[in-house]
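If you count the sequence shown from 1, position 153 lands on 153 in UniProt numbering, and the numbers rise without skipping.
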Amino acid sequence: MWYDAARVVSARVGHVLYRPTIEGLANIPADGPVILAANHLSFCDSVVIPLAVPRRVRFLAKAEYFTGTGVKGRMSRAAFTALGAVPVRRGTGREAVDALELGLRCLKDGGVFSIYPEGTRSPDGRLYRGRTGVAHLALTSGAPVVPVGLIGTERIQPIGARLPRISPITVRFGAPLDFSTGYDHLKTGRARRQVTDEIMAAIQRLTGQEEAGVYNERSQEG
1 MWYDAARVVS
11 ARVGHVLYRP
21 TIEGLANIPA
31 DGPVILAANH
41 LSFCDSVVIP
51 LAVPRRVRFL
61 AKAEYFTGTG
71 VKGRMSRAAF
81 TALGAVPVRR
91 GTGREAVDAL
101 ELGLRCLKDG
111 GVFSIYPEGT
121 RSPDGRLYRG
131 RTGVAHLALT
141 SGAPVVPVGL
151 IGTERIQPIG
161 ARLPRISPIT
171 VRFGAPLDFS
181 TGYDHLKTGR
191 ARRQVTDEIM
201 AAIQRLTGQE
211 EAGVYNERSQ
221 EG
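And the structure:
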C-alpha cells in the first residue's frame with residue numbers, strides 16, 4: 001500500500017511538473033516476469049522509470065543511498081525504498097553475482113526488474129556497449145525483455161548537478177524481445193554477447209543515440 005500510494009502521488013507530481021511523453025506502455029506485459037533494459041543518462045532515470053510504469057518495478061541502487069545519516073539520509077532511504085530499489089554494493093566478483101541473483105529472484109516471483117546494460121551513466125550522451133548481465137537474466141529466467149529509451153533525462157539532472165531542473169523528457173517502451181529459445185546451440189559467452197547486442201540495438205532505435213562502440217568505464221554516482 002505504501003508503494004502504491006507513494007507512486008501515485010509522485011507520478012502525478014511528476015506529470016504536472018515535467019509533462020513527460022510516454023510511449024509504448026502497452027508493450028509492458030500486464031503480469032508475469034519482465035526485464036526493462038534502459039539506456040542511462042541521469043541519476044533521475046531510476047525515478048522516471050518506476051513512475052512511468054503501472055506495475056511495481058524493482059531495480060538495483062547503490063547501498064550508500066540507504067545508509068546515509070540525518071534528514072537527507074532518511075529521505076533518501078525512504079524515497080528509494082518507496083520506488084522499489086534494492087540496495088547493492090557495487091564492485092566486481094561476488095557483488096556482481098549477488099546483484100544478478102537479486103534480479104533473478106524478482107523475475108522468479110513474476111516481477112518487473114529494471115537494469116541499465118551500460119552499467120553506469122553515459123558521460124557524453126552516447127550509448128555505450130552493453131554488459132552481458134542483462135542477457136544472463138533473460139536467458140536464465142526466460143523473461144521477455146522490454147527495451148526502454150530515455151530521452152532528455154540528462155537535462156533534468158546533469159552529472160554534478162545537486163538539484164533537479166525542469167525539462168521535457170520522453171520515455172519509450174519498445175516491443176518485447178523473446179530470448180527464451182533459439183540460443184541453445186551457442187556457447188554461453190557467445191549467446192550472452194549476441195543477446196546483449198540485440199538488446200542494445202533495440203534501445204538505440206528508440207533513442208537515436210550515437211553508439212560509442214566501447215564500454216563505459218567512467219565511474220558515476222548513478
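Think of the CB as a built atom: it goes at the ideal place given N, C-alpha and C, for glycine as much as any other residue.
Of all the options the options, which has the alpha carbon lying nearest to the alpha carbon of residue i?
i	options	result
Val195	Leu206, Ala175, Gly182, Ala26	Gly182
Ser46	Leu104, Val171, Pro123	Val171
Glu154	Leu107, Val97, Leu163	Leu163
Arg165	Phe43, Gly24, Asp31	Phe43
Pro158	Gly125, Val148, Ala135, Thr140	Gly125
Arg55	Ala78, Gly160, Ala30	Ala30
Gln204	Thr67, Gly152, Gly110, Ala38	Ala38
Val112	Val97, Ser122, Pro176	Pro176
Pro50	Glu198, Thr67, Thr140, Thr81	Thr81
Ala26	Tyr215, Val146, Glu217	Val146
Glu101	Arg58, Leu206, Val48	Arg58
Taking the alpha-carbon positions, what's the residue i to residue j distance?
i	j	result
Leu150	Ala52	11 angstroms
Pro144	Val71	39 angstroms
Pro33	Phe179	13 angstroms
Gly119	Gln209	16 angstroms
Arg105	Ala99	10 angstroms
Ala138	Ile35	7 angstroms
Met200	Gly103	19 angstroms
Thr69	Ala61	17 angstroms
Pro123	Leu41	8 angstroms
Gly213	Val148	19 angstroms
Gly24	Thr188	31 angstroms
Val161	Ile115	It is Ala, not Val, that sits at residue 161 in the sequence shown. In a straight line, the C-alpha of Ala161 is about 23 angstroms away from that of Ile115.
Asn216	Ala202	18 angstroms
Thr67	Met75	11 angstroms
With a 10 Å radius around its C-beta and 16 neighbouring C-beta atoms as the bar for buried, classify residue i as buried or exposed.
i	result
His185	exposed
Glu221	For Glu221, the predicted model reports a pLDDT of 48, less than 50, meaning its position is unreliable; a value from the coordinates is still stated below. So Glu221 ends up on the exposed side.
Thr132	buried
Ala135	buried
Ala167	The sequence shown places Ser at residue 167, rather than the Ala named in the question. That one is exposed.
Thr21	exposed
Val97	exposed
Thr78	Checking the displayed sequence, the identity of residue 78 turns out to be Ala instead of Thr. Classification for Ala78: exposed.
For the UniProt domain "Phospholipid/glycerol acyltransferase" (34 to 153), list the alpha helix (DSSP H) runs that are entirely contained and at least 4 residues long, ordered along the chain.
Within the UniProt domain "Phospholipid/glycerol acyltransferase" (34 to 153), complete alpha helix (DSSP H) segments of at least 4 residues are found at 45 to 52, 64 to 67, 70 to 83, 94 to 108, 133 to 141, given in chain order.
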